[in-house]
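A.B. asks:
Numbering (the numbering used here), first residue to last: 624 to 1117.
#1: Assuming residue 798 contacts residue 743 (C-beta within less than 8 Å), just tell me the rounded distance between them.
#2: Would you mind reading off the limits of the alpha helix (DSSP H) that contains residue 694?
#3: Can you have a look at residue 647 and say buried or exposed, based on whether 16 or more other CB atoms are within 10 angstroms of its CB?
#4: Taking only three categories from DSSP, how would you classify residue 1033?
#5: Given a cut-off of 8 Å on the beta-carbon distance, is the pair residue 775 and residue 761 in contact?
#6: May I have the straight-line CA-CA distance separating residue 780 from residue 769, to the nearest angstrom?
#7: Cutting at 7 Å between CB atoms, please list the residues of its own chain near residue 1052, excluding the five before and the five after it.
#8: Counting C-beta neighbours from all protein chains within 10 Å, is the total for residue 808 16 or more, i.e. buried, or is it exposed?
#9: Taking just the CA atoms, how far does residue 1112 sit from residue 1009?
#10: Should the segment 842 to 850 be regarded as contacting the segment 816 to 828, the criterion being three or more beta carbon pairs within less than 8 Å?
#11: Let's see if you can read the secondary structure: which residues bound the alpha helix (DSSP H) around residue 730?
#12: Can you say whether residue 642 is buried or exposed, counting buried as having 16 or more other CB atoms within 10 angstroms of its CB?
#13: How far does the beta strand (DSSP E) with residue 1071 in it extend, from its first residue to its last?
#14: What is the DSSP secondary structure of residue 1028, reduced to helix, strand or coil?
#15: Among 1079, 655, 855 and 1060, which residue has its Cα nearest to the Cα of residue 1042?
#16: Would you grab the beta carbon distance between residue 1104 and residue 1034 for me? Rounded to a whole angstrom, and I think it's under 8 Å.
#17: Would you give the residue range spanned by the beta strand (DSSP E) that residue 1048 belongs to?
#18: Could you pull out every residue in the same chain whose Cβ sits closer than 8 Å to the Cβ of residue 737, ignoring the five residues on either side in sequence?
#19: With respect to the beta strand (DSSP E) encompassing residue 1056, which residues constitute its N-terminal and C-terminal limits?
#20: At what residues does the beta strand (DSSP E) containing residue 1105 begin and finish?
#21: Leaving aside the five residues before and after residue 756 along the sequence, list all residues of the same chain whose C-beta is less than 6 Å from its C-beta, in chain order.
#22: Does DSSP classify residue 1111 as helix, strand or coil?
#23: Is it true that the segment 705 to 714 meets the segment 656 to 673, where meeting means three or more beta-carbon pairs spaced less than 8 Å apart?
#24: Look at the alpha carbon of residue 1014 and the alpha carbon of residue 1037, and state the distance between them as a whole number of angstroms.
#25: Can you tell me the Cβ-Cβ gap for residue 1057 and residue 1093, rounded? I've got them flagged as a contact below 8 Å.
#26: Buried or exposed for residue 640, going by 16 or more other Cβ atoms inside 10 Å?
#27: What is the DSSP secondary structure of residue 1039, counted as helix, strand or coil?
#28: I'd like the list of long-range same chain contacts for residue 718, defined as Cβ closer than 7 Å, with 5 residues on each side in sequence excluded.
#29: Got a sec, what are the start and stop residues for the beta strand (DSSP E) residue 1087 sits in?
#30: From this set, 829, 1039, 846 and 763, which residue's C-alpha is nearest residue 1060's C-alpha?
#31: Please classify residue 845 as buried or exposed, where buried requires at least 16 neighbouring CB atoms within 10 angstroms.
#32: Using 10 angstroms around the beta-carbon of residue 644, count the other beta-carbons present and answer buried if the total reaches 16, otherwise exposed.
#33: Please report how far the alpha carbon of residue 1070 lies from the alpha carbon of residue 841, in whole angstroms.
#34: Between which two residues does the alpha helix (DSSP H) carrying residue 765 extend?
#35: Need the endpoints of the alpha helix (DSSP H) that residue 778 sits in, please.
#36: On the CB-based measure, 16 or more other CB atoms within 10 Å of its CB, does residue 765 come out buried or exposed?
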């Protein structure tokens, strides 16, 4: 295992200590144990710092403007690169099993493939000036207080909020340009201008046809999250698009650990203490020793806090069923609700944004704004399904997931022709549906019932009906089960 690189000066030593806990937190998600996490973080840190120093040297020699990620995301991508090298060299047994599968998938190939096919958030962040990109990452992903962000970047604390708003706009413009440059099929291209117009305003209503398209197209859902920086999905878009696997789990860890890591304030790095040697070699050793001590202390604190929300389960959102959600963040980030958010009060009395109900819901379906304890609805069924012979099968697809919400699609194939339909299912973990398209819905505790819209009531024999929805989750997010069609139990499709 290589050593951490020796800081060149006190400023670089301070930078090391500020970034180490982020690198170790992500490395812990990627590995199967604490020792492997420290090894992966150390190797990745050394790799990232070599890239930074080579890049700085090239710029000093007149290499011209270079496009580089800010420090923390650059080091996090070095973790992913180092993990891939471990897998190729036969050290994959030290990595998280889900990460190993991801590394061999098309999702991982996007990050090393043709530039125009890489995730939109990654391309947009690279196109920003490095100082602007650093401001966006520290504020949106690391969730650092304004005072800390201004100190790290040397900004006026009174102007950080205004500058952040400008940077969000710049990031949106870069992503919009990158989206138009991306190779698209005719269907996606036809929605590109409409998507741009809808995402420019937080109050804009999303047309039904665009909503259906976003429910089935990962690339356009990714673009929607990047093009709507005021919609709450920007942090997930950045983490999923820049670091890929485990992005959402990393985001949750950083948010939950931020208060403890920074609540008491991080001490400013000292230039030197009395009695320290002043020769160049001795100063380098002193700085290095100080870095290692600070790194150990910070990393232990960060790990102790960041592991708490996941119960030691490597940051996964669910366990048990293989189809349960995991810390895997697909290249397409979460889809934020594109309709105006309503506001509800949480259990602590703090207002929190909630997606509004679907415009297709019929007047007879009651769906009050859901609370974590569940909602009541006259349309939701609480009885068990008719256990007659199965005449239908279903497929449940988790399209996107973010720290407190997710997007899913439910498709049901029926053997018999239908003139109308009602699909019901149950959730194991208290998930609450907040919006649905191509159906109206009601929910009673864990049981959800979706009814056909006016335009899709009829389904031919051996035909398939489908609808999508947004929902909230907490702790775990197991897939839907006990699915019924018009009261008859459906089997899960293979």
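Don't be surprised by glycine CBs; every beta carbon is placed ideally from N, CA and C.
C.D. replies: In short:
#1: As a working note, residue 798 is residue 175 in the chain shown. As a working note, residue 743 is residue 120 in the chain shown. Contact holds; Cβ gap of about 5 Å.
#2: If you number the chain shown from 1, residue 694 lands on position 71. Annotation for residue 694: the continuous alpha helix (DSSP H) segment containing it runs 694 to 711.
#3: What you label residue 647 is simply residue 24 of the chain shown in a count that begins at 1. With 16 or more other Cβ atoms from the protein chains shown falling within 10 Å of its own Cβ, residue 647 counts as buried.
#4: To locate residue 1033, count along the chain shown from 1; it is residue 410. Residue 1033 falls in the strand class under three-state DSSP.
#5: As a working note, residue 775 is residue 152 in the chain shown. As a working note, residue 761 is residue 138 in the chain shown. Taking 8 Å as the cut-off, the Cβ atoms of residue 775 and residue 761 count as close.
#6: As a position in the chain shown, residue 780 is number 157, starting the count at 1. As a position in the chain shown, residue 769 is number 146, starting the count at 1. Put simply, the backbone Cα of residue 780 is about 7 Å away from that of residue 769.
#7: Numbered from its first residue, the chain shown carries residue 1052 at position 429. The residues 1096, 1098, 1099, 1100 and 1101, in chain order, have a CB closer than 7 Å to that of residue 1052 in the same chain once the five nearest residues on each side in sequence are set aside.
#8: Here residue 808 refers to the residue found at position 185 of the chain shown. Under the 10 Å beta carbon count, residue 808 is surrounded by fewer than 16 other beta carbons and is classified as exposed.
#9: Within the chain shown, numbered from 1, the residue matching residue 1009 stands at position 386. Within the chain shown, numbered from 1, the residue matching residue 1112 stands at position 489. Caution is warranted here: a pLDDT of 43 is assigned to residue 1009, below 50, making its placement in the model unreliable, and no coordinate value can be reported.
#10: Taking 8 Å as the limit for Cβ pairs, the verdict is that the segment 816 to 828 does touch the segment 842 to 850.
#11: As a position in the chain shown, residue 730 is number 107, starting the count at 1. Counting along the chain, the alpha helix (DSSP H) containing residue 730 begins and ends at 729 to 732.
#12: Walking along the chain shown from the start, residue 642 turns up at place 19. Per the 10 Å Cβ criterion, buried.
#13: For the purposes of this step, residue 1071 is taken as the residue at position 448 of the chain shown. For residue 1071, the uninterrupted beta strand (DSSP E) run begins and ends at 1070 to 1075, by DSSP.
#14: As a working note, residue 1028 is residue 405 in the chain shown. Secondary structure at residue 1028: strand, using DSSP grouped into helix, strand and coil.
#15: Translated into the one-based positions of the chain shown, residue 1042 becomes position 419. The shortest C-alpha separation from residue 1042 is found at 1079.
#16: Within the chain shown, residue 1104 is the residue found at index 481, counting from 1. Within the chain shown, residue 1034 is the residue found at index 411, counting from 1. The pair is not a contact, with the Cβ atoms about 15 Å apart (cut-off 8 Å).
#17: As a first step, residue 1048 is located in the chain shown; it is residue number 425 there, counting from the start. Segment 1045 to 1049, the beta strand (DSSP E) holding residue 1048.
#18: One-based indexing of the chain shown puts residue 737 at position 114. Cβ neighbours of residue 737 beyond the five flanking positions: none.
#19: As a position in the chain shown, residue 1056 is number 433, starting the count at 1. Residue 1056: member of the beta strand (DSSP E) spanning 1055 to 1060, first to last residue.
#20: Reading the chain shown from its first residue, position 482 is the one you call residue 1105. Residues 1104 to 1108.
#21: One-based indexing of the chain shown puts residue 756 at position 133. The beta carbon of residue 756 sits closer than 6 Å to the beta carbons of 693 and 748 from its chain, once the five residues preceding and following it are set aside; these are given in chain order.
#22: Mapped onto the chain shown, residue 1111 falls at position 488. Correct three-state label for residue 1111: strand.
#23: Yes, they touch.
#24: As a first step, residue 1014 must be located in the chain shown, where it is residue number 391. As a first step, residue 1037 must be located in the chain shown, where it is residue number 414. For residue 1014 and residue 1037, the distance between alpha carbons rounds to 6 Å.
#25: Within the chain shown, the letter at position 434 stands for residue 1057. Within the chain shown, the letter at position 470 stands for residue 1093. The pair is a contact, with the Cβ atoms about 5 Å apart (cut-off 8 Å).
#26: What you label residue 640 is simply residue 17 of the chain shown in a count that begins at 1. With 16 or more Cβ atoms within 10 Å of its Cβ, residue 640 is classed as buried.
#27: Residue numbering aside, residue 1039 sits at position 416 when the chain shown is read from its first letter. Reduced to three states, the DSSP call for residue 1039 is coil.
#28: The residue labelled residue 718 in the question sits at position 95 within the chain shown. Contacts found: 653, 654, 655, 706, 709 and 710.
#29: Position 464 of the chain shown, counting from 1, holds the residue named residue 1087. In the DSSP assignment, residue 1087 falls within the beta strand (DSSP E) that extends over 1087 to 1095.
#30: Taking the chain shown and counting its residues from 1, the one referred to as residue 1060 is at position 437. Answer by Cα proximity: 829.
#31: Against the chain shown, residue 845 aligns to sequence position 222. With 16 or more Cβ atoms within 10 Å of its Cβ, residue 845 is classed as buried.
#32: Mapped onto the chain shown, residue 644 falls at position 21. With 16 or more other Cβ atoms within 10 Å, it is buried.
#33: If you number the chain shown from 1, residue 1070 lands on position 447. If you number the chain shown from 1, residue 841 lands on position 218. Answer to the nearest angstrom: the Cα atoms are 28 Å apart.
#34: Residue mapping note: residue 765 aligns to position 142 of the chain shown, counting from 1. Neither: residue 765 is in no alpha helix (DSSP H) and is coded neither H nor E.
#35: On the chain shown, residue 778 is found 155 positions in, with the first residue counted as 1. Annotation: residue 778 is outside any alpha helix (DSSP H) and is labelled neither H nor E by DSSP.
#36: Residue 765 sits at position 142 when you count from the first residue of the chain shown. With 16 or more Cβ atoms within 10 Å of its Cβ, residue 765 is classed as buried.
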